[in-house]
Each structure stands twice: as C-alpha cells, then as structure tokens.
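Everything below concerns the one structure shown next.
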Amino acid sequence: MTLEAQAIEARDQWSRMVSTTYFPLTLNYGDDQGGFQGSLKVWKADNDGFSLSRLCSDRLEYARNETQIADDSESSFLVTIPQHTSVYFDQHGRTLRCRPGGFIVEQGDAPYRFGYEHRNAMWVFKVPGEAMQYRVRRPERYSQHCFDAERGMGRAFVEFLMICAERYEECSPGDRNRLFEQALGMLSLVLEQDERVLNSEQSHLKTAHLMRIERFIASQLGNPELDPALVAVHSGISLRYLHKLFSETGHTVNEWIRRQRLEAARRDLCDAACGITIGEIAYRWGFSDQAQFCRAFRRHFGCSASEMRRRILID
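Residue numbers are given in the UniProt record's numbering: position 35 of the sequence shown equals residue 35, and the series is strictly consecutive.
Quick look at the structure:
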C-alpha cells in the first residue's frame with residue numbers, strides 16, 4: 001500500500017469513527033496530503049443516548065448539512081470544551097471563536113461548521129435533544145455564545161465531566177446514567193444564568209416568567225394538587241395569562257406538568273438501585289392513579305413502565 005493510500009485510509013477510518021460517535025458529519029482535512037493522527041475515547045451511558053468523549057486530532061474541519069440532518073432520526077446537542085487551542089464554530093449565521101477555558105453548544109439538527117487550525121484536544125459531551133429540551137428552554141439559543149469554563153458553575157460543570165470519565169468504570173449502568181443526568185442539570189444552570197441570552201430575548205419578561213414557572217412546577221411534581229390554578233396563584237399572574245404564556249411553547253400547562261412527571265418517573269425506573277415499585281414511583285411523582293400513570297407512560301415512551309424497568313435490569 002502506498003503512503004498516500006495509507007493516509008486516505010486513516011482519514012476514512014477517522015471520519016467513520018467521528019460520525020458513529022456523534023452523528024453524520026462531513027470532514028475536511030485540508031490540502032495536506034501527509035499522514036493524519038487522531039485519537040478518540042468514549043464513555044457512553046446505557047440506553048439514554050448520553051456520551052462523553054475525549055477527542056485529539058490534527059487540524060480539521062467538521063460540517064453538518066441539511067441532507068445529513070434529514071436522514072438522522074435523532075437530534076442531539078454537543079457541548080465542546082477545547083483544551084489546547086481555539087476552535088471556530090459557525091451556526092445560524094453567527095461565527096464564534098472559543099478559546100481554551102470556554103465551551104460552546106452545537107445544535108445537531110441545524111447546519112453548522114466547526115474546526116481548528118492546529119492540533120487540538122477537546123472534551124465533548126453529547127446530550128440527546130429530548131433531554132436537553134426537557135432541562136433547557138429553547139436550547140438552540142445557546143449556540144450563539146461561548147460560555148466560561150474557568151470559574152463558577154461553568155468550571156464546576158467541566159470538572160464534573162472529568163470526574164464522570166475518571167469514575168465511569170467504577171459505576172453501575174444506572175449510576176452512569178445518573179452521572180450524565182447530573183452533568184446536564186449543571187449545564188442547564190450555566191446556560192440559564194447567562195445574562196447575554198436573557199438580554200437578547202425580545203420577550204425578556206415572558207421568558208423570565210416561564211423560567212420561574214417551570215422551576216416552581218419542577219419543585220411541585222410530587223404534589224397531586226399541582227394544576228394550572230395553583231401555578232397561576234403562586235406565580236402572581238392570572239390563569240388566562242398563564243395559558244397565554246404556554247400557548248407560545250407548543251405545550252399546554254397540563255401537558256408540561258404531565259411530561260415533567262413522566263420524565264422524572266422514567267429516571268426512577270432506569271435507576272436499578274431505586275428499589276421501589278412502579279406504583280410507588282407513580283405516587284411519588286403526583287399521579288393519584290397507577291392505571292392512569294401506566295397509560296400515560298406508554299403513550300409518551302412507546303412502551304410500558306414494566307417493560308422499561310425490565311430492559312434496565314437485563315442490561
């Protein structure tokens with residue numbers, strides 16, 4: 001095999017590895033015909049679609065196009081934390097340059113271009129689109145900014161990702177899932193506290209109202225009396241205005257409450273160490289009737305609660 005053929009084979013192999021780990025991407029290696037070097041280590045959660053990876057490679061550009069998006073049945077976000085040199089990122093008509101000490105959020109279901117001019121290393125946290133949307137309102141907004149990873153909650157988030165990698169082998173499959181869920185929770189705090197995003201919103205007051213309302217709902221999921229009237233009273237707004245706020249989100253208030261309860265119940269079911277019955281989980285998260293919970297669970301997830309728990313125990 002010629003040296004040129006070996007280089008082409010190495011690049012093809014790298015392209016396949018990257019697309020398998022994240023999602024289909026087009027890689028541009030530039031005009032350099034020399035050898036390519038790269039390494040990729042992946043820590044993957046069981047069942048949930050989360051992963052953490054450590055990627056090192058020579059200079060490279062990655063692109064995501066409309067055809068790749070249309071052919072992909074799942075949406076994901078990538079949180080990328082460069083280590084050695086700056087990266088550039090172009091999405092939604094805005095170009096960012098993120099240096100080491102920061103991180104960016106890449107939206108996988110919209111076209112983008114990402115790369116670096118020199119050999120680099122980075123951590124990449126892959127988050128399923130549904131999980132991201134559950135924790136972060138309109139997460140696509142956050143692809144427009146670089147975030148601080150050197151202080152405060154941003155640094156705590158990045159350090160926690162490294163702990164996830166360090167302790168991965170010591171954890172059970174259920175614990176691995178919980179680690180990545182916790183990492184997403186920390187990420188959501190970093191993003192939603194960022195004043196640049198809030199101040200860029202035309203409907204700043206509406207966004208602030210929704211964030212407070214969603215936090216209240218999250219704190220009351222176990223309360224079977226939780227309903228739109230209670231939310232409106234606690235938030236100091238009229239019931240009519242509450243429904244108007246949610247009409248712009250694609251969910252009714254009741255749909256949002258039910259979805260959050262079902263997601264919380266799913267996390268308990270996926271926790272092999274949880275040790276409580278399906279009925280107890282249903283009541284824990286505000287369902288007053290187990291049969292009603294089981295019907296709602298099947299409609300939302302496409303399988304019964306007992307089937308999901310059985311799969312986790314088998315794995």
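Even glycine gets a Cβ: it sits at the ideal position worked out from N, Cα and C.
This structure is a prediction, so every number in the text was calculated from the model and none was measured.
### Query
Does the beta-carbon distance from S51 to L40 come in below 8 Å?
Position 51 of the sequence shown holds residue 51. Position 40 of the sequence shown holds residue 40. Not in contact: S51 and L40 (Cβ atoms no closer than 8 Å).
### Task
Compute the Euclidean distance between the alpha carbons of D90 and P82, then round it to the nearest angstrom.
By one-based count along the sequence shown, residue 90 stands at place 90. By one-based count along the sequence shown, residue 82 stands at place 82. Cα to Cα, D90 sits roughly 15 Å from P82.
### Query
Among residues of its own chain, excluding the 5 on either side of V233, which ones have a beta-carbon nearer than 8 Å to its beta-carbon?
Here residue 233 refers to the residue found at position 233 when the sequence shown is read from its first residue. Excluding residues within five positions, none has a Cβ falling inside 8 Å.
### Query
Where F77 and Y29 are concerned, what is the direct C-alpha to C-alpha distance, given to the nearest angstrom?
The count along the sequence shown starts at 1 and reaches residue 77 at position 77. The count along the sequence shown starts at 1 and reaches residue 29 at position 29. The straight-line gap from Cα to Cα measures roughly 23 Å.
### Query
How is P228 classed by DSSP in three states: helix, strand or coil?
Stepping through the sequence shown from its first residue, residue 228 is reached at position 228. Reduced to three states, the DSSP call for P228 is helix.
### Task
Using three-state DSSP, classify P128 as helix, strand or coil.
Residue mapping note: residue 128 aligns to position 128 of the sequence shown, counting from 1. Reduced to three states, the DSSP call for P128 is strand.
### Message
Quick check on N65: buried or exposed, where buried means 16 or more other Cβ atoms within 10 Å of its Cβ?
### Response
Within the sequence shown, numbered from 1, the residue matching residue 65 stands at position 65. Exposed, since its Cβ has fewer than 16 Cβ neighbours within 10 Å.
### Query
What number of angstroms, rounded off, separates the C-alpha of W292 from the C-alpha of G185?
Looking up residue 292 in the sequence shown gives position 292. Looking up residue 185 in the sequence shown gives position 185. Note that residue 292 corresponds to Gln in the displayed sequence, not to Trp. Their Cα atoms are separated by approximately 28 Å.
### Query
Any idea which residues DSSP pairs G102 with across the strands?
The residue labelled residue 102 in the question sits at position 102 within the sequence shown. Bridge partners of G102: D148.
### Task
Would you identify the three-state DSSP class for S86, choosing helix, strand or coil?
For the purposes of this step, residue 86 is taken as the residue at position 86 of the sequence shown. S86 falls in the coil class under three-state DSSP.
### Task
Report yes or no: do the stretch 103–123 and the stretch 137–145 share at least 3 C-beta pairs separated by less than 8 Å?
yes
### Query
Smallest Cα separation from S235: which of N254, H251 and R212?
In the sequence shown, counting from the first residue as 1, residue 235 sits at position 235. Looking at the Cα atoms, R212 is the closest of the given residues.
### Message
Using only the alpha-carbon positions, how far apart do R11 and A121 sit?
### Response
On the sequence shown, position 11 is the one that residue 11 refers to. On the sequence shown, position 121 is the one that residue 121 refers to. In a straight line, the C-alpha of R11 is about 17 Å away from that of A121.
### Simplified DSSP assignment, three categories, for G38
In the sequence shown, counting from the first residue as 1, residue 38 sits at position 38. G38 falls in the strand class under three-state DSSP.
### G101 vs E150 beta-carbon contact at 8 Å
Numbered from its first residue, the sequence shown carries residue 101 at position 101. Numbered from its first residue, the sequence shown carries residue 150 at position 150. Yes, these two residues count as a Cβ contact at 8 Å.
### Task
Evaluate L205 with the Cβ neighbour count: other Cβ atoms within 10 Å of its Cβ, from every protein chain shown; 16 or more gives buried, anything less gives exposed.
Start at 1 with the first residue of the sequence shown, and residue 205 comes out as number 205. Label assigned to L205: exposed.
### Query
Taking the beta strand (DSSP E) that A296 falls in, what are its first and last residues?
Taking the sequence shown and counting its residues from 1, the one referred to as residue 296 is at position 296. That residue, A296, is in no beta strand (DSSP E); its alpha helix (DSSP H) goes Q290 to F301.
#### Entry: Bridge-paired residues (DSSP) for V79
Reading the sequence shown from its first residue, position 79 is the one you call residue 79. Per DSSP, V105 and F125.
### Message
Beta-carbon within less than 6 Å of residue 320's beta-carbon, same chain only, minus the 5 sequence neighbours each way: which residues are those?
### Response
No answer is possible for residue 320: the residues shown for the chain start at 1 and end at 315.
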